[in-house]
Amino acid sequence: MKQELRVAAYAVCVRDGAILLARLTLRDGSKRWTLPGGGMDHGEDPYDTVIREVGEETGYAIEPTALLGVDSQRHTYPRPLGATADFQSLRIVYEAQVTGGELRHETNGSTDMAAWHPLEEVPALDRVLLVDVGLALWRERPVVGRAPGIPEPQPTPLPGGISRD
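Below is the structure:
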């Protein structure tokens, strides 16, 4: 089984009772809200990654103000020729504040929309688990940097390949 690791950095930006989210298009064409952020380039610092990715996905310049924690998820998925991949996603979550720019949607990327959502409406959104993880880290500020009360997902095959979450 081939092992794959993806390291990414994400931002929890809360302003006036609303959280900034980006709408992710999954491989099956469905759309879910996620924290703005994304994959770290080789040699890039996670701090720089979150600034770059939030800018790409939302149009905003941000300043990370706190390291909230790290989340790790693991999935298996089918690969060509009947092989299976063991995929681990290591997600570094920052708190950040918007310092400039204007809200806009990403073009030719993994997201197609960015928007502010009232915190009380987040539970009703079609969203990836990372949103709940990020909000739990932001609210609870656990000293160990792991989100409390978030169920551990079981590794499961994802039809048609893995989706970025």
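The sequence shown begins at 4 in my numbering and counts up by one. Here a beta-carbon is modelled for each residue, glycine too, at the ideal position from N, C-alpha and C. The structure presented is a predicted model; accordingly, all values stated were derived computationally and were not measured.
Among the residues of its own chain, which have a CB less than 7 Å from the CB of E151, if the five just before and after it don't count? Just to set this straight, residue 151 is Pro in the shown sequence, not Glu. A distance below 7 Å between beta-carbons, with the five flanking residues on each side excluded, links P151 to the following residues of its chain, in chain order: A139, E143 and P145.
Assigned secondary structure, G163 (DSSP; H/G/I helix, E/B strand, else coil): Any answer about G163 is weak, because its pLDDT of 46 lies below 50 and its placement is not dependable; what the coordinates show is given next. If DSSP states are grouped into helix, strand and coil, G163 belongs with coil.
S92 burial status per 10 Å Cβ neighbour count (16 or more: buried): buried
Between T68, A25, C16 and L70, which lies nearest to E109 when the distance is taken from Cα to Cα? A25
Excluding five sequence neighbours on each side, which residues of the same chain lie with their C-beta closer than 6 Å to the C-beta of Q6? D89
Strictly by DSSP, which residues pair up with S75? DSSP lists L93 as partners of S75.
Beta carbon of G41, beta carbon of A11: below 8 Å? Yes, these two residues count as a Cβ contact at 8 Å.
At least 3 beta-carbon pairs within less than 8 Å: the stretch 66–75 vs the stretch 93–101: yes
Could you tell me the distance, in whole angstroms, from the CA atom of V147 to the CA atom of I54? 23 Å
Beta-carbon proximity list for D44, same chain, < 8 Å, skipping 5 on both sides: T52
Looking at the structure shown, is P83 part of a helix, part of a strand, or coil, going by DSSP? helix
G103: which of P121, W36 and G62 sits nearest, CA to CA? Looking at P121, W36 and G62, the one whose alpha-carbon comes closest to that of G103 is G62.
Alpha-carbon to alpha-carbon, G46 and L133: L133 and G46: Cα-Cα distance of roughly 24 Å.
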